[in-house]
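Everything below concerns the one structure shown next.
In this note's numbering, the protein residues as written are 4 to 230.
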C-alpha cells in the first residue's frame, strides 16, 4: 500500500482526481500540479475510524518513526498488488555474491572519484533477512554494522578491501561507514485503454552505502592486522 505524505500546513489536495489524470490548482499558486508516482510512500494501516460519515485510516510510513503516523481519508490510500516470489537459499547466496562483487568493483584507488559509494541491487524481500540479522537497526529502516566482520558470514572474508595492483596498493571501506536498508521501488504508472491509471509493483532493492579510502603497499600489513 502507499499514500501521499503532504505537509500539514498545505491546503488539502484531491488525490483521487490527481490519480485520474486531472490537473488540480495548487493553493494560491497560478501553476497546477499533477499526479506523479514519486508521491507514493509505502505504508501500513494501523487503525481505522469513521469521522463525519467518512472512512479514515491511521497510516504508518514504513521506515519512519511512529510520531509521523497520520490520519488519512481512505480514498488517499492506494493498494498496489505486489508480485512476490519466495526466494531460495541458492538465490540468496547468489545475491550476496553479486553484492560482494559490486563492493569490490567500487573499491579503487582513483583520486578523482567521490569517496562515498552507493550500490543498489534488486533483491527478493525475504532475502534481506540475513542482512537484518547481521546489522543493528537505526533510524528510517537503515542498518549499520560494528565492524566488517559482522557481514563475513554472508559476504565472505575480506569483502571490505581490494588489492588493486602488484605493488599491493589497496582500497578499503572506512570502518563505521557501512549502512544498508531494504527499499520498495516506486510503482510504475501505466494507463489503460480507457484512460484509467494502473500501478505496477516493481519489487525491492537493497541500498548499500559506505565510504572508501586507499592505502599503499607499505600500509597493507598494518591494515590486515587491524582488519
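Each residue gets a CB set at the ideal place from its N, CA and C atoms; glycine is no exception.
- In this structure, what does DSSP give as the bridge partners for residue 133? Position 130 of the chain shown holds residue 133. Residue 133 is not bridged to any residue.
- Contact under 8 Å by Cβ, residue 153 with residue 217: The residue labelled residue 153 in the question sits at position 150 within the chain shown. The residue labelled residue 217 in the question sits at position 214 within the chain shown. The answer is no: Cβ separation not under 8 Å.
- Task: Return the chain-ordered ranges of every beta strand (DSSP E) run that is complete within the stretch 194-226 and spans a minimum of 3 residues.
- Result: 200-203 and 207-218
- Message: Do residue 165 and residue 77 count as a contact pair if the criterion is CB distance below 8 Å?
- Response: The residue you call residue 77 lines up with position 74 of the chain shown. The residue you call residue 165 lines up with position 162 of the chain shown. The answer is no: Cβ separation not under 8 Å.
- Message: I need the DSSP call for residue 110, collapsed to helix, strand or coil.
- Response: The residue you call residue 110 lines up with position 107 of the chain shown. Residue 110 sits in coil when the DSSP states are folded into three classes, being neither helix nor strand.
- Task: Check whether the Cβ atoms of residue 50 and residue 60 sit closer than 8 Å, and answer yes or no.
- Result: Numbered from 1 along the chain shown, position 47 holds the residue referred to as residue 50. Numbered from 1 along the chain shown, position 57 holds the residue referred to as residue 60. Yes, these two residues count as a Cβ contact at 8 Å.
- Task: Answer with buried or exposed for residue 130, where buried requires no fewer than 16 other C-beta atoms within 10 angstroms of its C-beta.
- Result: Locating residue 130 in the chain shown gives position 127, counting from the first residue. With 16 or more Cβ atoms within 10 Å of its Cβ, residue 130 is classed as buried.
- Query: First and last residue of the alpha helix (DSSP H) that includes residue 157?
  - Reply: In the chain shown, residue 157 corresponds to position 154, counting from 1. Its alpha helix (DSSP H) spans residues 155-158.
- Comparing alpha-carbon positions, which option in 95, 169, 197 and 224 lies nearest residue 127? As a first step, residue 127 must be located in the chain shown, where it is residue number 124. Measuring C-alpha to C-alpha distances from residue 127 to each of 95, 169, 197 and 224 identifies 95 as the nearest.
- Item | the stretch 116-127 contacting the stretch 92-107, beta-carbon criterion three pairs below 8 Å | yes
- Helix, strand or coil for residue 230 per DSSP? Your numbering for residue 230 matches position 227 in the chain shown. In this structure, residue 230 counts as coil in the three-state DSSP scheme.
- Which residue from 200, 190, 174 and 93 puts its Cα closest to that of residue 114? On the chain shown, position 111 is the one that residue 114 refers to. Ranking the options by Cα distance to residue 114, first place goes to 174.
- For the putative contact between residue 220 and residue 161, defined by C-beta atoms under 8 Å, what is the C-beta separation to the nearest angstrom? The residue labelled residue 220 in the question sits at position 217 within the chain shown. The residue labelled residue 161 in the question sits at position 158 within the chain shown. Wrong, their Cβ atoms sit about 16 Å apart, outside the cutoff.
- Query: Using CA coordinates, which residue listed in 134, 74 and 63 is at the minimum distance from residue 45?
  - Reply: What you label residue 45 is simply residue 42 of the chain shown in a count that begins at 1. Measuring from the Cα of residue 45, the nearest candidate turns out to be 63.
- Task: Return yes when the Cβ of residue 177 is within less than 8 Å of the Cβ of residue 210, no when it is not.
- Result: Position 207 of the chain shown, counted from the first residue, corresponds to residue 210. Position 174 of the chain shown, counted from the first residue, corresponds to residue 177. Cβ atoms of residue 210 and residue 177: not closer than 8 Å.
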